[in-house]
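Quick notes on the structure that follows.
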Amino acid sequence: MSERVAKVGTEMTAEEMLRREARSAAEVVQRGNGGGSPPSDGQGPPSVARRGWGVRVQRWLWLTFVYCLLVLGGIIFAMPFLWMVRTALMDYVQVQKIPLEWIPRPVRWNNFAEALSFMDFWVLLRNTLIITILAITGQLLSCSLVAFGFARLQFPGREFLFIVLLSTMMLPAMVTEIPRFILFRHFGWIDTFLPLVVPAFFGAPFFIFLLRQFFKTVPQDLDDAARIDGCNSWRIWWQIMLPLSKPVLAVVVIFGFIWTWNDFWGPLVYLRTADKKTLSLGLQVFQGIYQTYYHYLMAASLVVLAPVLALYVFCQRYFTQGIVMTGLKG
Amino acid sequence: MARLLPWLVAAWVFILAASVSAAEKVSIRYLSWETSFEQIAMVKKLIAEFEKRHPDIHIALESSADATRIFLTDAAAGTPPDVMYITTEFIAPLVEKRILEPLDPLIERDRIDMNMLIPSTIEGLKVNGGLYAYPIHFSVDMLYYNKRIFDECKVPYPDESWTWETYRDAATSLTLDRNRDGRVDVFGCMQVDWQLIVKSFGGRIYDPERKRFVGDSREVLDAFAFNCSLLGRQAPSAAQAMDTTDMQLFSNGRVAMFVGRTWQLPQIAKTMKDPWDIAHVPKGKTRTCILNVGGNCIAAGSRHKEAAWEFVKFYSSPEGQKLLGVQKNCTPALRELAYSRDYFLSPPPASLRVAVDAAAYASGRPYPDDAWAPEFYARVWQPTVERFRASSSFTPREALDMIVREGNKLLESYEKEQAERGPIQPHADTTGFLIRLMLSLMALGGIVLVLAVRRHRRAWEGYAFIAPWLVGFVLFTLGPVLASFYLSFCRYDLLTPPAWVGLRNIRELANDPVFWKSFKNTLYYSACVVPGTLVLALALAILLNTRVRGTHFFRAVYYLPALTAGVATCLLWRWLFNPQLGLFNTVLGWVGIQGPEWLTSPTWAMPAIIIMSIWGGVSGPMLIYLAGLQGIPQHLYEAASIDGASRWQMFRHVTVPMLSPTIFFNLIMAIISSFQVFTTVFVMTSNTAASTEPGGPANSTMVYVLYLYQTGFRYLAMGKACAMAWILFLVILGLTLWNYRMSERWVHYDQA
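In structure tokens form, the structure reads like this:
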């Protein structure tokens, strides 16, 4: 696995250079000719630039076509959320009107306050925050420790254990869920946060994998220099690796946050009393057997989703970075 | 490290604060089934008054629509709610598992006069002669009718002489096509509850002597046939009703009468515009209807039984009941309240007495409310009668045979289990073996470790660093995996020690039609979602890869679904698929298509979930494809265009091969995750108008992991659930290996 990483890595750099050369060559030609060159879309080549209006029109048509598709896609992906906002701001009576109306009249900002008070929002928020923060802390610490061990240190059985780690990712969660429930019951941890938090301190295979791949790209020279200066492994980990890995750690934090925040199964199985439940369980409250209060449900759902969306807006590039790092290695 | 310390300390303080319950007061958990605002607010008022009178007792209120399952698993986990609301239907299984406290001794000790209650309500909560819940209220079947439509069609109001034939004939006259456009505007009636009609016709499906279902009763077939005959003529079919509930159709004036239950009274009183009233249900062979009694029960494992009993008594007392307000959705079990004009008997409607008097002839279902009854209802009865609606070629004979056959299978397996199971010890240590297994594994691992370290001195560091994962792996993964393997061959319900049964779990699964259905459903789901997601993701990635300005913005938008994956989004989509008020059918309506009933229709529920899954699942693979596309060297395209290749040929011969590792990765990930779908289906199909159980109308959306969850956590057949988990693992492993083999033909790793 590591060998292929290295290979692709170097090849990419070479390809990057080649591509940049090709691009700048095309630009030179383009500037020389004064006309537009057909855009390259990652699929077609930057062909030789041609003169004239025909080409310009072609480019405009192409652009329009692409933008239409993009906007259509954007509508399909964003529409459900717009619908959510629209429902959240409506009166219950207006929500049920047939034919449907799009604009809330009047705009009920109250819905948010009422929905949140009904589902005991602050208690649920407190619980979800506690669980999420603890879980993220645990994951950061344990995953970086373990990844460092796999990436930098030699010990017998290292490759074997790494393969074991990877194969646990393929294990359906269900195979271990029931014995884990029994185990936690034996410990007396049912109806506490512990089953949701403690396993995070023992590492999560996905993040360990991610971090290990990243650590492998950090040049060994830094380590060697540090050792010459008398650092032991712990200090290398704490004072050299971690600071260098801030982007990847950010990815771990972000993904960990999203997964724990939206987690449904864990709280469903392990949390019992009402004052221990989390936000994802709390949303069920609005679904009655006889009727569902959609406007409150949507308002509450928006509030539950808000932190995740806010995080996304602020840390966008880390998301794509994270996905790319895990996926590319194939 | 110093900077982190305060954080960790704060965090631990938080945990402790959160987990510690209020000190000195006795705190009891009350599990209620109420899910509406108003009702919960009323219960809170009652609790406040109780706490005022008993300052040393604190009541923690919880409410859930899934209460019995919670009670069962909590009792198995050793932490049951102290008091819970329960009804006739669900009381027997809990009694049978010995997790309910018998109330007769307490009633005798406190010398409570049971004559205060309407007699049939007491019978409704008795199991094997003992009372296990204290009655609060009850509900019966009644005939609701719209007076205005009756007047319009000059049909006399329902009275005591009505039979089912009268019902149908009246309904025929009451079915109107006002504007003569060929479409019925007002339906005469609705179909009747299947259990009620069978009972009313005098049908017998259960033989109490042999304790088996029997299919020899002519009356049952007549009852089924009667109900079927209404469909599409006097009663709207599923499509005509657009899956609105009976209640809503009645309130909207689209149906002239229907046989409903007491709990529908308040809603109808609120929304009904025309004058209306209720009457006794029509007579069949005799006049009868189904009685459902609700009451509060006390957990046998409760640590505060006295406090719980005080609460139960107060709840059912006149003062307590008055605090809950006049709940017209059930008739009070207390005589003084049921007959009180100031309390229950205040109109609307005028003939409210029917709701009280019906107690005289109301009784149980056509089969006894024994421990197996809820499972029979959910897994045999309900899916079978739902098929009448789904397919018009399903005959009463087929239905009855299916009910008898599947019902008896259920009874047989139930009896076998009863016979084999040891005595129930709710607090026994049934898991010692698991702990010992893991400790021995760790000891083994420790020995191996020490040996390894002795050979390579420097290795201890590496092991130290990976120790968190290693320990966690043994404790939370390896141990459970081995334990789960062992449990697959056992019968285990958390209340008794695991018992070895060999291959029986597997045999039972092989004979279980729901198991195969769940497997098929999962395959159907996967076969649609995996290609759909991957193809769409690739298309989007190509789109995003065009060198146009603004792709960054769109990439952010396209990633929204992955971010928001979770319960909130599932509920949003549930709302989107609402047949009348949802976005989907509205948009379809713009192009003139009448949208289907989506989540409440057996044929359309799964497509709805598939659509949602594709929408939600596209973002991840899309980004990976995007990264892959950007890694394809440009010179390949140049070379191809020099050779005269067209766009499409370039796609086929350059893009796809270069992307093949990425495609392969996405394919494997998609298959593995699609086989494990759970949350989406659970959230979208629980508590719908069609059924309260998740798994969709007639098990059409019962996917594998959902059935696993039900088997383990609802029916407490943990051994079988473990067997299912292992089968899933083997299937996924097999698929992955097969794909890996196949991949050697089409995946090109040599990227030069």
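Residue numbers (this note's numbering), protein chains in the order written: chain A, 25 to 354; chain B, 1311 to 2062. C-beta atoms are modelled at their ideal positions from N, C-alpha and C, and glycine is treated no differently.
Going along the chain, which residues of its own chain have a beta-carbon closer than 7 Å to the beta-carbon of residue i, five neighbours each way excluded?
i: M1994(B); result: C1880, W1883, R1884, L1909, I1919
i: E1406(B); result: A1681
i: W1454(B); result: As written in the sequence, residue 1454(B) is Tyr, which differs from the Trp given in the question. Closer than 7 Å at the Cβ level, and outside the excluded window around Y1454(B), lie F1560, M1567, F1568, G1570, I1578, W1586, I1588.
i: I260(A); result: D247, A250
i: L1788(B); result: L1751
i: L1893(B); result: L1886
i: R1865(B); result: L1854
i: L1647(B); result: P1628, Q1631, Y1653, F1654
With burial defined as no fewer than 16 other Cβ atoms inside 10 Å of the residue's Cβ, what is the status of residue i: buried or exposed?
i: Y116(A); result: exposed
i: H1766(B); result: exposed
i: A49(A); result: The predicted position of A49(A) is uncertain, since its pLDDT is 40 and thus under 50; a value taken from the coordinates is nonetheless stated next. Exposed, since its Cβ has fewer than 16 Cβ neighbours within 10 Å.
i: N1438(B); result: exposed
i: A1851(B); result: buried
i: N1425(B); result: exposed
i: A1332(B); result: In this prediction, A1332(B) scores a pLDDT of 36, lower than 50, which makes its location untrustworthy; the coordinate-derived value is nonetheless stated afterwards. Exposed: under 16 other Cβ atoms inside 10 Å.
i: T241(A); result: exposed
i: G2044(B); result: exposed
Near residue i, which residues of its chain fall below 6 Å by C-beta distance, leaving aside the five closest residues on each side in sequence?
i: P1431(B); result: It should be noted that the sequence gives Thr, not Pro, for residue 1431(B). P1445, F1448, V1603, A1643, listed in sequence order.
i: L2047(B); result: none
i: F338(A); result: none
i: A1480(B); result: V1465
i: S1527(B); result: G1513, R1514
i: G1930(B); result: A1872
i: Y1340(B); result: I1369, L1371, V1393
Among the residues of its own chain, which have a CB less than 8 Å from the CB of residue i, if the five just before and after it don't count?
i: A159(A); result: L220, V221, A224, G280, T284
i: I313(A); result: With a pLDDT of 48 at I313(A), under the threshold of 50, the predicted position of this residue should be treated as unreliable, though the coordinate-derived value follows. Nothing listed; no residue qualifies.
So what's residue i in DSSP terms, helix, strand or just coil?
i: I192(A); result: Correcting the residue identity first, residue 192(A) is Thr in this sequence and not Ile. Residue state, collapsed to three classes: helix.
i: E1344(B); result: coil
i: G306(A); result: helix
i: V1966(B); result: helix
i: P70(A); result: Interpretation of P70(A) is limited by its pLDDT of 46, a score under 50 that renders its predicted location unreliable; no figure is taken from the coordinates.
i: K1595(B); result: coil
i: K1464(B); result: coil
i: Y1649(B); result: coil
i: A197(A); result: coil
i: P1403(B); result: helix
i: A1683(B); result: helix
i: D1532(B); result: helix
i: S1374(B); result: coil
i: C92(A); result: helix
i: K1355(B); result: helix
For residue i versus residue j, is the C-beta spacing smaller than 8 Å?
i: I16(A); j: T1389(B); result: In the structure as shown, chain A starts at 25 and stops at 354, and residue 16(A) therefore has no counterpart that could be examined.
i: W1474(B); j: G1594(B); result: yes
i: R251(A); j: A175(A); result: no
i: C1499(B); j: L1540(B); result: yes
i: A1683(B); j: A1872(B); result: no
i: M1310(B); j: A1672(B); result: Only positions 1311 to 2062 of chain B appear in this structure, which leaves residue 1310(B) out of reach.
i: V1301(B); j: S1970(B); result: As displayed, chain B neither begins before 1311 nor continues past 2062, which places residue 1301(B) out of reach and without an answer.
i: A324(A); j: L307(A); result: yes
i: V1336(B); j: D1366(B); result: yes
i: I1982(B); j: I1903(B); result: no
i: V147(A); j: D299(A); result: yes
i: L305(A); j: L292(A); result: yes
i: L2038(B); j: Y2014(B); result: yes
i: A102(A); j: H319(A); result: no
Between residue i and residue j, how many whole angstroms is the CB-CB distance? I'm expecting something under 8 Å.
i: M108(A); j: M322(A); result: 5 Å
i: K1638(B); j: P1576(B); result: 5 Å
i: A2035(B); j: M198(A); result: 4 Å
i: H1590(B); j: A1688(B); result: No, H1590(B) and A1688(B) are not in contact; Cβ-Cβ is about 30 Å, not under 8 Å.
i: P1706(B); j: L1531(B); result: 5 Å
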